[in-house]
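Residue numbers (this note's numbering): 54 to 196.
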Amino acid sequence: MMEFDDMPIGVNALVFNDKNQLLLGKRVNCFGEGTFGLIGGKLKVGETIESCIKRELLEEVGICVNIEDIEVVNLSSTNIEIPMLQIGVLIKKYYGEPYNKEKEYCSEIGFFDLDNLPEIFEVTKTNLELFLRKEFYNRKCNI
């Protein structure tokens with residue numbers, strides 16, 4: 054039987070600049086090293102999706118976001134090393150200029166054109182692909 058904490062939940066931010074470029078970070082010293090991933094992290098017990106991504110964006114890249122500017126856009130699951138539920142969220146508006154605050158986990162961050170993306174971290178790839186295909190989360194359906 055699966056225990057409550059057997060499937061971690063990841064929350065991944067789709068952050069775009071005014072040129073419609075996507076913010077990504079290059080992973081280092083962790084699973085997926087050398088690939089680029091969406092900014093995000095694991096949901097903590099008692100945390101909402103919105104408060105999780107708000108915390109992660111501030112911790113990792115120093116940008117602030119209001120709860121009303123966060124929209125859940127898709128859900129996916131991965132089974133790479135450990136099963137994980139991945140929640141993709143669109144950040145409609147943010148404040149500040151992103152910079153790399155966690156150099157021990159991320160060697161660089163930057164905005165990338167959607168038609169010229171680097172190698173994407175396998176765990177966050179599905180959230181990005183669903184978003185680009187405009188396959189959005191339907192709140193009326195179960196996952």
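Don't be surprised by glycine CBs; every beta carbon is placed ideally from N, CA and C.
Sufficient close CB pairs (3 or more, under 8 angstroms) joining the stretch 91–98 to the stretch 58–74:
yes
Selection from Tyr190, Leu185, Lys156 that minimises the alpha carbon distance to Leu75:
Leu185
Cα-Cα separation between Asn153 and Arg108, rounded to whole angstroms
15 angstroms
How big is the Cα-Cα spacing for Lys140 and Phe174?
In the sequence under discussion, the amino acid at residue 140 is Ile, which differs from the Lys named in the question. Rounded to the nearest angstrom, the two C-alpha atoms are 15 angstroms apart.
Residue span of the beta strand (DSSP E) that contains Thr131, given as start and end:
123–133
If you run the structure through DSSP and keep just helix, strand and coil, what is Phe84?
coil
Using a Cβ-Cβ cutoff of less than 7 angstroms, which residues in the same chain neighbour Val81 once the five nearest sequence positions on both sides are dropped?
Tyr158, Cys159, Ser160
Since Cys105 sits in a beta bridge, which residues does DSSP pair it with?
In the DSSP output, where bridge partners are listed per residue, Cys105 has none listed.
Apart from the five residues just before and just after Ile196, which ones in its own chain have a Cβ nearer than 7 angstroms to its Cβ?
Annotation note: pLDDT 47 at Ile196 (below 50); position unreliable, coordinate value reported separately. Contacts found: Leu128.
Roughly how far, in whole angstroms, is the beta-carbon of Gly163 from the beta-carbon of Leu67, given that I think they are within contact range, below 8 angstroms?
At roughly 15 angstroms, the Cβ-Cβ gap does not stay under 8 angstroms, so Gly163 and Leu67 are not in contact.
Go ahead and pull the three-state DSSP assignment for Val198.
Any question about residue 198 goes unanswered here, given that the chain covers just 54 to 196.
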